[in-house]
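Student: Could you have a look at this structure, given as structure tokens, before my questions?
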Amino acid sequence: MIGVSGTLYSFSSIYAQFQMVCSVDITSGSYLYIDLPVEFNNLNNVPINAILIFGSSTISSNTIVTNRKIQITITSTISANTVFQVQFPNLPTPLSPCTTEMSKMVVTVTPSNKLSITAASSVQGNSAPKLTFISNNLYI
Amino acid sequence: MVISGICTPASQQNGAFNMIYRRIYDRTYTIVNNYANAIFPTFQNLVVSNISMVSYFNTEGYKQDLVFTLTNTNVNVDYNVIWIINFPSYYSPDLFQVDPYCMVNGASTNCQVDPNTPYQLVVSNSPVTATAGTAYTVSVLGLSGPRGIYTNNAYSQRYIFVGVLQNSTSTAYS
Numbered sequence: 015m016i017g018v019s020g021t022l023y024s025f026s027s028i029y030a031q032f033q034m035v036c037s038v039d040i041t042s043g044s045y046l047y048i049d050l051p052v053e054f055n056n057l058n059n060v061p062i063n064a065i066l067i068f069g070s071s072t073i074s075s076n077t078i079v080t081n082r083k084i085q086i087t088i089t090s091t092i093s094a095n096t097v098f099q100v101q102f103p104n105l106p107t108p109l110s111p112c113t114t115e116m117s118k119m120v121v122t123v124t125p126s127n128k129l130s131i132t133a134a135s136s137v138q139g140n141s142a143p144k145l146t147f148i149s150n151n152l153y154i
Numbered sequence: 166m167v168i169s170g171i172c173t174p175a176s177q178q179n180g181a182f183n184m185i186y187r188r189i190y191d192r193t194y195t196i197v198n199n200y201a202n203a204i205f206p207t208f209q210n211l212v213v214s215n216i217s218m219v220s221y222f223n224t225e226g227y228k229q230d231l232v233f234t235l236t237n238t239n240v241n242v243d244y245n246v247i248w249i250i251n252f253p254s255y256y257s258p259d260l261f262q263v264d265p266y267c268m269v270n271g272a273s274t275n276c277q278v279d280p281n282t283p284y285q286l287v288v289s290n291s292p293v294t295a296t297a298g299t300a301y302t303v304s305v306l307g308l309s310g311p312r313g314i315y316t317n318n319a320y321s322q323r324y325i326f327v328g329v330l331q332n333s334t335s336t337a338y339s
């Protein structure tokens, strides 16, 4: 995770940026899944917007959200070992104040039939900070 | 003494529980029941509904999603219906990697691993309805995928059992 902007209020939203690199090609038609830590309990299966950036390409797409897992459809092949970014302009934050270890997120890639996994991250290989969400006094 | 999760016999031949007590230190049988009041219950006939399953993310160590498509023979789906799903023992006794998450027709619903019976999932409080004879889906998301060695002839392949109870007081699957 390379960036987050805005005050980290709980029951709010943040602009989150994740940087990734995959050792195999992510072919067009694949699905990229971002499984967020357990504290992210306010996604409510509501699709959120995602921006995928790699090379000179910037692709905005909607997502499918189930529980804490965000599904992004890859519409253009990302070559192996190419650094790319996934940004969420409005990622809902946890309902209550808490600290979450973002390294516990898991990113996976599946083919279009979702029957197997093409690539997966390991928690040990992640480099993401802890985020502490605080309450907002403006909320009643 | 409560024994949970017994596989019921396939036949309707009623017998009796033969419960004996044996001391550990000398292996002597100390008490043998007299069959008088330990008769096996009568079973209702099995109602076979139409059930199929699709499995996603089939990689050991990852979160597996199972989507069952059911067409109930008798029972209308509403908030009273309870689904009991028994998994083979090559799954984790706690079933999930993090937290149980289930959906009926794509709507989130309650589900919990049975606290008394390992490998058993209880899905309840459906927010959607479906009349008997109409297909609907029950999705179980985030299962802890079994290790490949357990499913590759090291252990015999077993069925996943899905039972539909009309309500929490039902004593047999419908």
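The listed protein sequences correspond, in order, to chains W and H.
For the first sequence, the positions run 15 to 154 when this note's numbering is used.
For the second sequence, the positions run 166 to 339 when this note's numbering is used.
Using N, Cα and C, we set each Cβ at its ideal position, and we do this for glycine too.
(1) In terms of residues, what are the limits of the beta strand (DSSP E) holding W/MET34?
(2) Which bits of chain H does W/ALA134 rub up against, with CB to CB less than 7 Å?
(3) Since W/ILE131 meets chain H, which of its residues come closer than 7 Å, beta carbon to beta carbon?
(4) For chain W, check one thing: does any of its Cβ atoms lie closer than 8 Å to the Cβ of H/GLY328?
(5) Relative to the alpha-carbon of W/ALA133, which residue among H/TRP248, H/SER339, H/TYR227, H/ASN275 has its alpha-carbon at the smallest distance?
(6) What are the residues of the segment 263–277 of chain H that lie near chain W, defined by any Cβ-Cβ distance shorter than 7 Å?
(7) For W/THR107, which residues of its own chain have a beta-carbon under 8 Å away from its beta-carbon, when the five flanking residues on both sides are left out?
(8) Can you confirm whether H/LEU231, when its beta carbon is compared against all beta carbons of chain W, has any partner nearer than 8 Å?
(9) Are there three or more Cβ pairs, one per stretch, closer than 8 Å when the segment 106–122 of chain W is compared with the segment 135–147 of chain W?
(10) My parser needs the beta strand (DSSP E) runs of 3 or more residues fully inside the segment 55–112 of chain W; what are they?
(11) Since H/ILE247 and H/SER289 are thought to touch, with beta carbons under 8 Å apart, how far apart are those beta carbons, to the nearest angstrom?
(12) Out of curiosity, what's the CA-to-CA distance linking W/THR80 and H/SER257?
(13) Counting only runs of 3+ residues fully inside the segment 218–270 of chain H, write out the beta strand (DSSP E) ranges in chain order.
(14) Taking a Cβ distance cut-off of 8 Å, strictly less, list which residues of the segment 42–62 of chain W are near chain H, in chain order.
(15) Flag H/GLY313 as yes if its beta-carbon sits less than 8 Å from any beta-carbon of chain W, otherwise no.
(16) Indicate whether at least one CB of chain H lies closer than 8 Å to the CB of W/ASN104.
(17) In the DSSP assignment, find the beta strand (DSSP E) that holds H/GLN277 and state where it starts and stops.
(18) With 9 Å as the limit, tell me which residues of the segment 106–130 of chain W have their beta carbon closer than that to any beta carbon of chain H; keep them in chain order.
(19) Distance check for W/LYS83 and W/VAL52, CA to CA, integer angstroms please.
(20) Could you compute how far the alpha carbon of W/VAL35 sits from the alpha carbon of W/ASN140?
(21) Under the three-state reduction of DSSP, which class applies to W/SER117: helix, strand or coil?
(22) For W/THR80 and chain H, any beta-carbon pair shorter than 8 Å?
(23) For H/ASN215, count the other beta carbons within 10 Å of its own beta carbon; 16 or more makes it buried, fewer makes it exposed. Which is it?
(24) Would H/THR274 be called buried (16 or more neighbouring beta carbons within 10 Å of its own) or exposed?
(25) Are the segment 61–73 of chain W and the segment 84–91 of chain W touching, with three or more C-beta to C-beta distances below 8 Å?
(26) Counting only the same chain and skipping the five closest in sequence on each side, list residues whose C-beta sits under 6 Å from that of H/VAL219.
(27) Give the interface partners of H/LEU306 over in chain W, defined as CB-CB distance under 7 Å, in chain order.
(28) Would you say W/LEU145 and W/THR114 are within 8 Å of each other, going by their C-beta atoms?
(29) Tell me H/SER289's beta-bridge partners as DSSP assigns them.
(30) Using a 10 Å radius around the Cβ and a threshold of 16 neighbouring Cβ atoms, would you call W/LEU129 buried or exposed?
(31) Give the straight-line distance between the Cα atoms of W/PHE102 and W/ILE86, rounded to the nearest whole angstrom.
(32) Please classify W/THR124: does DSSP put it in a helix, a strand, or coil?
Tutor: Here's the rundown:
(1) Position 20 of the first sequence holds residue 34 of chain W. The continuous beta strand (DSSP E) containing W/MET34 extends over residues 27–34.
(2) The sequence position of residue 134 of chain W within the first sequence is 120, counting from 1. The contacting residues are TYR227.
(3) If you number the first sequence from 1, residue 131 of chain W lands on position 117. Simply PHE222, THR224, TYR227.
(4) Within the second sequence, residue 328 of chain H is the residue found at index 163, counting from 1. Against chain W, the CB of H/GLY328 has no partner CB under 8 Å away; the residue lies outside that interface.
(5) Looking up residue 133 of chain W in the first sequence gives position 119. When only C-alpha atoms are compared, the closest one is H/TYR227.
(6) Against chain W - using a Cβ distance shorter than 7 Å - the residues of the segment 263–277 of chain H are VAL263, ASP264, TYR266, SER273.
(7) Numbered from 1 along the first sequence, position 93 holds the residue referred to as residue 107 of chain W. Within the same chain, W/THR107 has close Cβ partners LEU22, TYR23, SER24, PHE25, SER26, SER27, ILE28, PHE54, ASN56, PHE147.
(8) Residue numbering aside, residue 231 of chain H sits at position 66 when the second sequence is read from its first letter. No, H/LEU231 lies away from the interface with chain W (no Cβ there is under 8 Å from its Cβ).
(9) Cβ pair count under 8 Å is three or more, so yes.
(10) Correct list: 63–68, 71–76, 78–80, 83–87, 98–106.
(11) Residue mapping note: residue 247 of chain H aligns to position 82 of the second sequence, counting from 1. Residue mapping note: residue 289 of chain H aligns to position 124 of the second sequence, counting from 1. With a Cβ gap of about 5 Å, H/ILE247 and H/SER289 count as contacting.
(12) The residue given as residue 80 of chain W occupies position 66 in the first sequence. The residue given as residue 257 of chain H occupies position 92 in the second sequence. Rounded to the nearest angstrom, the two C-alpha atoms are 22 Å apart.
(13) DSSP assignment within the segment 218–270 of chain H yields the following whole beta strand (DSSP E) runs of 3 residues or more, N-terminal first: 228–236, 247–251, 261–269.
(14) Residues of the segment 42–62 of chain W with a C-beta less than 8 Å from any C-beta of chain H: ASP49, VAL52, ASN59, listed in chain order.
(15) Along the second sequence, read from residue 1 onward, the residue named residue 313 of chain H stands at position 148. Not a single C-beta of chain W is nearer than 8 Å to the C-beta of H/GLY313.
(16) For this step, residue 104 of chain W is matched to residue 90 along the first sequence. With 8 Å as the cut-off, W/ASN104 does not count as an interface residue toward chain H.
(17) By 1-based counting over the second sequence, the position of residue 277 of chain H is 112. 272–278 is the extent of the beta strand (DSSP E) around H/GLN277.
(18) Within the segment 106–130 of chain W, contact with chain H at the beta-carbon level (separation under 9 Å) is assigned to VAL120, THR122, THR124, ASN127, LYS128, LEU129, SER130.
(19) By one-based count along the first sequence, residue 52 of chain W stands at place 38. By one-based count along the first sequence, residue 83 of chain W stands at place 69. About 10 Å.
(20) On the first sequence, position 21 is the one that residue 35 of chain W refers to. On the first sequence, position 126 is the one that residue 140 of chain W refers to. Approximately 11 Å, taken between the alpha carbons.
(21) By one-based count along the first sequence, residue 117 of chain W stands at place 103. In the structure shown, W/SER117 sits in a helix (DSSP, three-state: H, G or I).
(22) As a working mapping, residue 80 of chain W is identified with position 66 in the first sequence. Yes, contact with chain H.
(23) On the second sequence, residue 215 of chain H is found 50 positions in, with the first residue counted as 1. H/ASN215 counts as exposed, since fewer than 16 other C-beta atoms from the protein chains shown sit within 10 angstroms of its C-beta.
(24) By one-based count along the second sequence, residue 274 of chain H stands at place 109. H/THR274 is buried by the Cβ-count criterion.
(25) Contact between the segment 61–73 of chain W and the segment 84–91 of chain W is present: three or more C-beta pairs spanning the two stretches fall below 8 Å.
(26) As a position in the second sequence, residue 219 of chain H is number 54, starting the count at 1. Answer for H/VAL219: VAL232, listed in chain order.
(27) Mapped onto the second sequence, residue 306 of chain H falls at position 141. For H/LEU306, the C-beta contacts it makes with chain W under 7 Å involve THR80, ASN81, in order along the chain.
(28) Residue mapping note: residue 145 of chain W aligns to position 131 of the first sequence, counting from 1. Residue mapping note: residue 114 of chain W aligns to position 100 of the first sequence, counting from 1. Between W/LEU145 and W/THR114, the gap from beta carbon to beta carbon is short of 8 Å.
(29) To locate residue 289 of chain H, count along the second sequence from 1; it is residue 124. Answer is H/ASN275.
(30) To locate residue 129 of chain W, count along the first sequence from 1; it is residue 115. Residue environment for W/LEU129: exposed (fewer than 16 other C-beta atoms within 10 angstroms of its C-beta).
(31) Taking the first sequence and counting its residues from 1, one reaches residue 102 of chain W at position 88. Taking the first sequence and counting its residues from 1, one reaches residue 86 of chain W at position 72. The alpha-carbon atoms of W/PHE102 and W/ILE86 are separated by roughly 11 Å.
(32) Counting from 1 along the first sequence, the entry for residue 124 of chain W is found at position 110. Of the three classes helix, strand and coil, the one that applies to W/THR124 here is strand, per DSSP.
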